[in-house]
Amino acid sequence: MDPVTWALERVPDAGTPELVKHRPWSTVWRIPTPAGPVWLKHCPERTRHEVRLLGAMARWAVPHVLEPLAVDEDLGTVLLPDGGPTLREAPGPSWAAVLAGYAQTQRATEAHVDELVALGVPDLRPALLPAAFERLARRWAPDVLPLLGRLADEAAELSELGPAPTIQHDDLHDGNVFARDGRVFDWGDACVAHPLTSLLIGWDGSAGPLAAYLARWPTVPRRAVDLGVRLGIVTRTDSWDRALAGWADPPEQFRDAPAQWLRRLLDERVGPGLDAFG
């Protein structure tokens, strides 16, 4: 069954679906209904873990995420309610409140790490980061390979400092958060990782949002934050590598994104809130 037919069987009085986004990793349609729009997302086999992840988080009652209306893991489709405008489009919760809620999402999935990996969510826990870095560096930026030893030491230190691995959105910005209630959506870049690697994209360096986020892990030292931001470059590079793997002709500004991310490890001043290349 094709995704649109699947969705229309589940949406009473639906209007004509409108294709709003097509990328190698997902396709999204807006479906009008008398009660307001709903959204259909289809993921091909290689990115189908996002559909499985959304279904699992709904089963586990994970807070601060959008609960699907229907999921078909075999077909790779998920039907979602309309969450309203994003924080990029309209005023809403403070970023401190968003990060506090996101931390609750991460804490709620800590106990499900093995299940997440079994669902196919990319596994980038600290122990696996050195191998991931080496693979990515050989493919995209061999000049950073001399950093492997240092990165392995930093990954081991971060693992020891805690907190425990969990889900990591890896693209946490105001375009992926609903203004109405601060819920986070679009989990296509997600991985299983050290939670603080989220801060590379999700934190702008200011004190208030960081304090709100770390309130869920009150004993975490500042050193873990610094390492999480730095090692988040590896998880971010991996998400770009996965995206480009199925993109026959990516826009020019994206083609070298993995190499650009990896080379930021050469900068001792690397910090949070880095540009996500769009």
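All residue numbers for the sequence shown refer to this note's numbering, where the first residue is 1 and numbers rise by one.
Glycine residues also receive a C-beta, built at the ideal position from the N, C-alpha and C atoms.
Which residue wins for smallest C-alpha separation from residue i, given the options the options?
i	options	result
Asp153	Leu79, His112 and Leu231	Leu231
Glu115	Pro68, Arg52 and Asp13	Arg52
Leu75	Leu69, Ala108, Pro130 and Ala7	Ala7
Phe133	Glu9, Pro12 and Ser239	Ser239
Val184	Cys191, Ala193 and Leu172	Leu172
Asp267	Glu18, Val144, Leu40 and Arg48	Val144
Pro44	Asp256, Ala131, Arg242 and Phe254	Arg242
Leu136	Glu9, Leu148 and Val113	Leu148
Phe178	Leu265, Val229 and Arg88	Arg88
Leu128	Gly162, Asp170 and His194	His194
Thr5	Trp29, Leu262, Arg23 and Val20	Trp29
Pro122	Pro93, Arg236 and Arg10	Arg236
Gly36	Trp60, Ala131, Arg263 and Thr16	Thr16
Arg23	Trp261, Ala248, Arg59 and Leu262	Ala248
Note down the Cα distance separating residue i from residue j, rounded to an integer number of angstroms.
i	j	result
Ala141	Leu227	21 Å
Met57	Arg139	33 Å
Ala259	Pro34	47 Å
Pro251	Leu244	10 Å
Trp95	Pro209	6 Å
Gly188	Trp25	8 Å
Ala97	Gly182	8 Å
Ile233	Pro12	44 Å
Pro146	Ala70	47 Å
Glu67	Pro218	29 Å
Gln104	Pro32	32 Å
Ala224	Asp204	16 Å
Glu18	His42	14 Å
Asp170	Glu9	33 Å
Ala211	Pro91	22 Å
Pull the bridge partners of residue i from the DSSP assignment, please.
i	result
Ile167	Val192
Asp72	Thr77
Phe178	Thr86
Trp187	None, per the DSSP bridge assignment.
Glu18	Arg30
Leu124	Ala193
| Quick check: the stretch 103-111 against the stretch 158-166, are there 3 or more CB pairs under 8 Å? | With a cut-off of 8 Å, the stretch 158-166 and the stretch 103-111 count as touching, because enough Cβ pairs lie within range.
| query | Any chance the stretch 78-90 sits against the stretch 115-127, with 3 or more Cβ pairs inside 8 Å? | reply | Contact fails: fewer than three Cβ-Cβ distances are below 8 Å.
| task | Could you tell me which uninterrupted alpha helix (DSSP H) segments, each at least 4 residues in length, are contained entirely in the stretch 222-259, listed from first to last along the chain? | result | Inside the stretch 222-259, DSSP marks whole alpha helix (DSSP H) runs of 4 or more residues at positions 222-245 and 252-255, from first to last along the chain.
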